Amino acid sequence: MRRDYPNLCKPLSIGGLTFRNRMASAPMGATDILADGTPGPRTLGFYEARAKGGAASVTVSELVVHPETDGSQMLHLSLSTPGQLGAFAYVADAIKRHGAVASIELSHSGQYAGTYMVDKKAKGELCQYGPSDGVRPDGLPVKALTEEQIADIVEAYGNAAALAKRAGFQMCMVHAGHGWLINQFLSPYFNKRTDRYGGSLENRVRLAREVLAAVRAATGPRFPIELRMSGSELFPGGYDIEEGCRIAQALEDLADIIHVSAGSYQFGFSITHPSMFREHGCNAHLAARIKQVVSVPVATIGGLSDPAQMEQIIASGKADVVAMARGLLADPQLPNKVMANRGDDVVKCVRCFTCMAERPITQTRRCAVNPLIGRELEGLEVASAKAAKRVLVAGGGIAGMKAAHTAALRGHDVTLCEAGDRLGGILNTEEALPFKHDMYELARTYERLCKEAGVHIILNQTVDAGFCDAFKPDALIVAVGSEELDLPMPVVEDAWVISIDELYLEDADPGNDVVIIGGGLTGCECALLMAQQGRRAYLIEMGPELAPDANIRHRPILLAELEAAGVDVLTGARAEVVTLKGVKVVLADGSERMVGGIGSSVVAAIGRRSRSAAVDALRDGAPFVRVVGDALRPANITFAIYEAYHAALDI
Ligand SMILES: Cc1cc2nc3c(=O)[nH]c(=O)nc-3n(C[C@H](O)[C@H](O)[C@H](O)COP(=O)(O)O)c2cc1C
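The sequence shown: position 619 = 1131 (our numbering), numbered continuously.
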């Protein structure tokens, strides 16, 4: 057959192993980890999903190689408990049985030990070891590793690799990037040693060389070693890409493939994990640069999920392999879809960081657009319905489309009614926000998927009790969404007030000076957009802080963007009245102030409420009725998709 993406689909041989294509599943820590450090059943499901989805390799992460000097709640592989090795063997099996290569990441956090701990207080009880004595940004002291400890850690890498091989893993990844231990030794910023592990580049790469050599010695040939490094540390004092090239050259004889990432977890989180404010594939140039100077294959990573872009990266010789983390959470079937020329059906990651923000909160993973992530054992198979039912979905937003699509995949006869003239609901507003284009795209993807799955779509059709009586559905999914709240304070006549919907959907011109009332996620995004468009943006928030509804990963990135864009922020400020001369606010100390001035527009971004009257009118619309998404309570896309999917499975 002719492949749409021939380069992505091409096999590759590395270190005696054949990879079925060029799309690799990058390490992502699982969360179902048992008390003895072994992977639990959900962890197995977490990794298996991506093997089943067609990835060339799936890297299990992070195996902490030396718990004596590293402390987190990640995987530990030892023989100390019966069944420990077996638990890893089951995971390796689950990857291999779907044709993917099973890899495992060997890691040490070094001075950032304890970073992942859910109980952040507990990390203070650990001792953090790094290349040099110092104090971490969070105030915890760091002790320099002694040469004896280094030797012990090097040996531990070899032991861990040997055990991983025995458990059935076919290759391993040595993590030398993202600011973790080996990176700390490579980095002139962290490494201030004066012994043979510090100073010159030759000395700074010594630990990496010793680790790679120990792993090779312990595993023998035909067990490829992937070296993960940051091509450039991308912060002042760290190494740059030129030194990154020299590091790669100094290590390539000991690695079978070099995986080039970027930045560090601590000082460049939104670079290492490119946020929605960065371009897709923004780190590929680092891999391309390193590929010019080494002779082993090179992988790239960072914000990738578009098949056409990834094809271009391989075709143009920037990298030999594209690795994806979040892209394969959003759609584990991405590689299979690419192989089957179904690239348009890929559900792309929206880079909202729900995946990374969930773990510190609930010790699980979630993905905003994939309801199964972290919950792979609950409903992975969209089982065919025993009897096809007549399913009516009211509301064509993301919840309605997800429910309709899932129900149609199960073989039901599905009709999706949307009151407006196009599908997408609230996601259509994201078209106006360049940094949220992926969210808008998601609506288009689901529109396409619904059509392909045979959903009957009726636009400009409100579903009410009378419609249901005539339609006689067996099952009704109510996904009628939410509506904007009006400003609760007095607004003088002729004041220029614009709603978010008018601004984004009707292209209202807000003028040069815009006062946004409401500093939640929506208000912050609006203020950022206004500032990016060159307008003067004022953001008024009643509470003490902005965007409390943003997740803990996305929030600091968003706040940094607001600051960089020069948005004028006022927190703890209650808007009293909207006048023709701006908005009068009362500050926490009781003083008053005018924000904006004559000619300022005012954007109301104070929240949304469910369309509860419409919901109540449909409660007796069918034998099976389920309310999902914003219609249930205005929340976020994560819950809308989760509820919609499971509602459709319950029919
Ligand atoms: C949920 C999640 C967990 C991650 N866990 C790890 C990990 O354990 N080890 C690691 O080296 N990188 C980890 N990463 C980083 C990814 O491997 C990858 O480098 C980063 O997310 C950028 O790729 P992406 O844009 O395709 O997500 C994680 C990323 C995510 C999203």
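C-beta: ideal position from N, C-alpha, C; glycine also. Quantities reported herein were computed from a predicted structural model and do not represent experimental measurements.
Segment limits, alpha helix (DSSP H) that includes residue i
{"i": "ILE770", "result": "Run containing ILE770: none in the alpha helix (DSSP H); it sits in the beta strand (DSSP E), 769-773."}
{"i": "LYS608", "result": "596-608"}
{"i": "GLU964", "result": "949-964"}
{"i": "THR927", "result": "From DSSP, THR927 is part of no alpha helix (DSSP H) but of the beta strand (DSSP E) over 925-929."}
{"i": "LEU840", "result": "838-842"}
{"i": "LEU884", "result": "Careful: LEU884 lies outside any alpha helix (DSSP H) and carries neither H nor E."}
{"i": "LEU1017", "result": "1012-1017"}
{"i": "THR866", "result": "866-874"}
{"i": "SER1124", "result": "1124-1128"}
{"i": "VAL1137", "result": "Careful: VAL1137 lies outside any alpha helix (DSSP H), inside the beta strand (DSSP E) at 1136-1139."}
{"i": "VAL850", "result": "846-851"}
{"i": "PHE1151", "result": "1149-1162"}
{"i": "ILE910", "result": "910-921"}
{"i": "THR530", "result": "Unbroken run through THR530 is the beta strand (DSSP E), 529-531; no alpha helix (DSSP H)."}
{"i": "GLN696", "result": "693-698"}
Nearest candidate by alpha-carbon position, reference residue i, set the options
{"i": "GLY680", "options": "PRO786, VAL894, GLY1111, SER615", "result": "SER615"}
{"i": "ARG877", "options": "ALA668, THR555, ASP548, ALA811", "result": "THR555"}
{"i": "ASP650", "options": "TYR624, THR658, GLU659", "result": "TYR624"}
{"i": "PRO946", "options": "VAL603, ARG1138, HIS792, LEU524", "result": "HIS792"}
{"i": "PRO653", "options": "ASP664, GLU659, CYS639", "result": "CYS639"}
{"i": "PHE697", "options": "GLU617, ILE759, PRO1022", "result": "ILE759"}
{"i": "PRO579", "options": "ALA612, HIS620, LEU546", "result": "HIS620"}
{"i": "ASP516", "options": "GLN821, ALA1020, ILE607, GLY909", "result": "GLN821"}
{"i": "GLU823", "options": "MET851, PRO1056, ARG801", "result": "MET851"}
{"i": "GLY1046", "options": "LYS1093, GLN596, ASP1021, ASP1061", "result": "ASP1021"}
{"i": "ARG1120", "options": "VAL881, GLY993, LEU1051, CYS794", "result": "GLY993"}
{"i": "MET513", "options": "GLN804, ILE694, ASN853", "result": "ASN853"}
{"i": "ALA1156", "options": "ILE910, GLY598, ALA1043", "result": "ILE910"}
{"i": "ALA612", "options": "GLY598, GLY565, GLY595", "result": "GLY565"}
{"i": "ASP1132", "options": "PRO553, HIS917, VAL1097, ASP976", "result": "ASP976"}
{"i": "VAL1027", "options": "LEU1017, SER1011, ASP1019", "result": "SER1011"}
{"i": "ILE526", "options": "THR543, PRO786, ASP832", "result": "ASP832"}
{"i": "MET741", "options": "LEU798, GLU659, ARG734, ALA944", "result": "LEU798"}
{"i": "ILE769", "options": "MET788, HIS785, ILE753, SER807", "result": "SER807"}
{"i": "LEU1161", "options": "THR927, ALA668, GLU560, ALA987", "result": "ALA987"}
{"i": "ASN1063", "options": "TYR559, THR874, ARG1123", "result": "THR874"}
{"i": "ASP1080", "options": "MET1042, GLU1088, VAL1089", "result": "MET1042"}
Residue range of the beta strand (DSSP E) that includes residue i
{"i": "GLN640", "result": "640-642"}
{"i": "LYS655", "result": "653-656"}
{"i": "VAL975", "result": "Looking at the DSSP string, VAL975 is not in any beta strand (DSSP E), and its letter there is neither H nor E."}
{"i": "ILE802", "result": "Careful: ILE802 lies outside any beta strand (DSSP E), inside the alpha helix (DSSP H) at 796-805."}
{"i": "VAL723", "result": "Segment 718-731 is the alpha helix (DSSP H) holding VAL723; no beta strand (DSSP E) there."}
{"i": "LEU811", "result": "Correcting the residue type first, residue 811 is Ala in the shown sequence and not Leu. First-last of the beta strand (DSSP E) with ALA811: 810-813."}
{"i": "LEU524", "result": "524-526"}
{"i": "GLU1037", "result": "Run containing GLU1037: none in the beta strand (DSSP E); it sits in the alpha helix (DSSP H), 1033-1044."}
{"i": "GLU823", "result": "GLU823 -> not in any beta strand (DSSP E); alpha helix (DSSP H) instead, spanning 819-827."}
DSSP beta-bridge partners of residue i
{"i": "HIS1066", "result": "For HIS1066, which the question treats as bridged, DSSP gives no partner whatsoever."}
{"i": "THR1091", "result": "GLY1094"}
{"i": "ILE616", "result": "VAL572, CYS684"}
{"i": "LEU1051", "result": "ILE1028, VAL1081"}
{"i": "PRO551", "result": "ILE545"}
{"i": "VAL577", "result": "Paired residue(s): none; VAL577 is not in a bridge."}
{"i": "GLU1104", "result": "VAL1098"}
{"i": "ALA672", "result": "Answer is none; ALA672 lacks a bridge partner."}
{"i": "VAL1003", "result": "VAL1090"}
{"i": "LEU988", "result": "LEU904, VAL1137"}
{"i": "VAL1009", "result": "VAL1114"}
{"i": "ILE969", "result": "LEU928"}
{"i": "GLY646", "result": "VAL654"}
{"i": "LEU1121", "result": "Looking at the sequence provided, one finds Arg at residue 1121 rather than Leu. Answer is GLU995, bridged to ARG1121."}
I want to know whether the segment 838-846 touches the segment 861-873 - three or more CB-CB distances under 8 Å. Yes, they touch.
Suppose only complete runs of 3+ residues qualify. What are the beta strand (DSSP E) ranges in the segment 734-791, listed by chain order? For the segment 734-791, whole beta strand (DSSP E) runs of length 3 or above, ordered along the chain, are 737-742, 769-773.
Does the segment 692-712 come into contact with the segment 632-652, if we say contact requires no fewer than three beta-carbon pairs (one atom in each stretch) closer than 8 Å? yes
Segment contact, 8 Å Cβ cut-off, at least three pairs: the segment 567-575 with the segment 896-913: no
Specify whether the segment 958-974 and the segment 1000-1008 touch according to this definition: at least 3 beta carbon pairs, one from each stretch, less than 8 Å apart. no
Given 8 Å as the limit, is there contact between the segment 779-786 and the segment 737-752, that is, 3 or more CB pairs closer than that? yes
Examine the Cβ distances between the segment 935-955 and the segment 1094-1101 and report whether three or more of them are shorter than 8 Å. no
Any contact of the segment 934-942 with the segment 975-984, i.e. 3+ C-beta pairs under 8 Å? no
For the segment 602-611 against the segment 626-637, do three or more pairs of beta-carbon atoms, one drawn from each stretch, fall closer than 8 Å, so that the two count as touching? no
Would you check if there are 3 or more beta carbon pairs closer than 8 Å linking the segment 800-811 to the segment 718-731? no
Please determine if the segment 653-673 and the segment 539-554 are in contact, where contact requires at least 3 C-beta pairs separated by less than 8 Å. no
With three or more C-beta pairs closer than 8 Å as the rule, is the segment 1110-1125 touching the segment 880-895? no
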